[in-house]
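> Structure below; questions to follow.
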Amino acid sequence: MNANNGIISQLSQYSVPVTIDRLEAVLEVKGITIFARIDQQAEAEKVGLSLCPTQLLLFGNPKAGTSLMVAEPTIALDLPLKVLAWEAADGKVWVSYNDPNYLKQRFSLCDELVKNIAIIAPLIHQALSSADRK
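For the sequence shown, the UniProt record's numbering gives the first residue as 1, with consecutive numbering after it.
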């Protein structure tokens, strides 16, 4: 796992679609709302362009997100939470998301509010664990 410019990226042992499928399954069990799943490779193909497998998942908990937006309305630029699964040129699949500490600094959030978005790392860890889910 590495962090760069406020983005945390970690390897996935699964393909891009399976990675996102597994994350969706974890989110559904936790009762977290999935707002959208965007297959950016498919969208590129629609306009005749080529892109390695890339999918973006938007999700969150409106109760937790609303308290963040009440405290700092511009955080809505980064909410709902997003996870990007993407295949690099070398065939490795990565999962990337905003570092909650970066968002804390960017929006001057208190520790209590950061807890509302810090759940992202454990959710991804659970989705990428080797335990068979599907």
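Note that beta-carbon positions come from the ideal geometry of N, C-alpha and C, so glycine has one too. Since we're looking at a predicted model, the values are computed, not measured.
1. Output needed for Ile7: all residues of its chain with C-beta closer than 6 angstroms, excluding positions within five of it in sequence on either side, in chain order.
2. Taking 8 angstroms as the cut-off, decide whether the C-beta atoms of Pro53 and Val18 are in contact.
3. Using 8 angstroms as the threshold, is the C-beta distance between Leu100 and Ile124 below it?
4. I need the DSSP call for Gln55, collapsed to helix, strand or coil.
5. In chain order, what residues of the same chain have a beta carbon less than 7 angstroms from the beta carbon of Asn5, not counting five sequence neighbours either side?
6. Going by the CB atoms, is the gap between Gln41 and Leu57 shorter than 8 angstroms?
7. Look at the alpha carbon of Val29 and the alpha carbon of Leu68, and state the distance between them as a whole number of angstroms.
8. Give me the Cα-Cα distance between Trp86 and Lys104, rounded to the nearest whole angstrom.
9. Going by alpha carbons, who is nearest to Glu98 out of Ala121, Ala88, Val26, Asp90?
The relevant details are as follows:
1. Ser96
2. no
3. A small correction: the amino acid at residue 100 is Pro; Leu does not occupy that position in the sequence shown. Contact flag unset, no.
4. strand
5. none
6. No. Outside cutoff.
7. Cα-Cα distance, rounded: 23 angstroms.
8. About 25 angstroms.
9. For the record, residue 98 in the displayed sequence is Asn; it is not Glu. Comparing alpha carbon positions, the residue from Ala121, Ala88, Val26, Asp90 closest to Asn98 is Ala121.
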